[in-house]
Amino acid sequence: MKCIALINFLVLQCLAILGVSKGFDFFYFVQQWPGSYCDSDKFSCCYPTTGKPAADFSIHGLWPNYRNGSYPQNCDPNNPFNESETSDLISSMRRNWPSLSCPSSSGESFWSHEWEKHGTCSESLLDQHSYFQTALTLRQQTNILQSLKSAGIIPDGGSYSLANIKDATKNGTGYTPWIECNEDSSGNSQLYEVYLCVDSSGSNLIECPVFPKGKCGSEIEFPTF
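Counting from 193, one number per residue, gives the positions in the sequence shown under my numbering.
Have a look at this one:
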């Protein structure tokens, strides 16, 4: 028994030395509404060098998380973003995962940040190409804007019930979302991001084990873009 315990200890030590992650529990798949990003004093909004994005929800990120609410980050500094590994996905990434931060860019710095902070923590399951492909596939599966429009919730600058927004998203995707709000220049609460949860393989949507902190008002704006 002592030998087995010693072997297990040595294996764990070797894994730690090699930098092998102990894993994570699930992903947050986060999509943002560009109109709320640009209609806020919190951010400086610049369109990508490829032009104004479509008026649709776009990918913010695919983030590994733990059930206790914490999350791993920057897990492998020796595995930086390499655009050549996603060359066949770049056109789709530019459409569905654009950067709105300033100065204007074609998106590489945004994708690099997402991969290096979040994606490297999933690399035992998803290499770079698989990580970005998984997010793009999830974007196709979860058409948030269509789900909202089907419930009469449209980006017209009007105010809508937070409960109705959640219900519409759940009816469209099958799963309960978490809604993040920000404030417009007048201090009004507005629909900013939609969180859905995905199992640790990146294959299936699941009910979220835990939601982030924060809250929206009971009525929130859905700005135009």
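Think of the CB as a built atom: it goes at the ideal place given N, C-alpha and C, for glycine as much as any other residue.
Can the beta-carbon of residue i be found closer than 8 Å to that of residue j?
i: C313; j: P272; result: no
i: G409; j: L318; result: no
i: F221; j: A327; result: yes
i: R259; j: D217; result: yes
i: Q320; j: T278; result: yes
i: E411; j: L383; result: no
i: V390; j: F219; result: yes
i: M285; j: W307; result: no
i: E372; j: Y387; result: yes
i: L190; j: G366; result: No statement about residue 190 is possible, as the shown extent of the chain runs from 193 to 417 and does not include it.
i: N356; j: I345; result: yes
i: Q223; j: L281; result: no
With a threshold of 6 Å on Cβ separation, who are the neighbours of residue i within its own chain once the five nearest residues in sequence on each side are excluded?
i: R331; result: I251 and N288
i: G349; result: P415 and T416
i: F235; result: Y229
With respect to the alpha helix (DSSP H) encompassing residue i, which residues constitute its N-terminal and C-terminal limits?
i: C230; result: P226 to C230
i: H305; result: E300 to K309
i: G364; result: L354 to T365
i: L328; result: Q320 to Q333
i: I282; result: I282 to N288
i: I336; result: I336 to S342
Taking 8 Å as the CB-CB cut-off, is residue i touching chain D?
i: S232; result: No chain D is part of this structure, which consists of one protein chain only.
With 16 as the cutoff for other CB atoms within 10 Å, does residue i come out buried or exposed?
i: A360; result: buried
i: C294; result: exposed
i: L369; result: Here residue 369 turns out to be Pro, not Leu, going by the sequence shown. Classification for P369: buried.
i: K214; result: Residue placement at K214 is poorly supported in this model, since its pLDDT is 49, which falls under 50; the coordinates still yield a value, given next. Classification of K214: exposed, given that the 10 Å Cβ count is below 16.
i: Q338; result: exposed
i: E300; result: exposed
State yes or no: is the C-beta of residue i nearer than 7 Å to some heavy atom of the ligand FAD?
i: P347; result: The ligand FAD is not among the ligands present in this structure, which contains no ligands whatsoever.
Going by DSSP, what residue range makes up the beta strand (DSSP E) through residue i?
i: Y384; result: S381 to D391
i: I251; result: S250 to N257
i: E372; result: W370 to E375
i: I412; result: E411 to E413
Which same chain residues, not among the five before or five after residue i, have their C-beta less than 7 Å away from its C-beta?
i: G261; result: V402
Looking only at its own chain, which residues have a Cβ that is under 8 Å from the Cβ of residue i, when we skip the five neighbours before and after it?
i: L292; result: P226, Y229, C230, F235, C237, C238, Y239, P240 and P245
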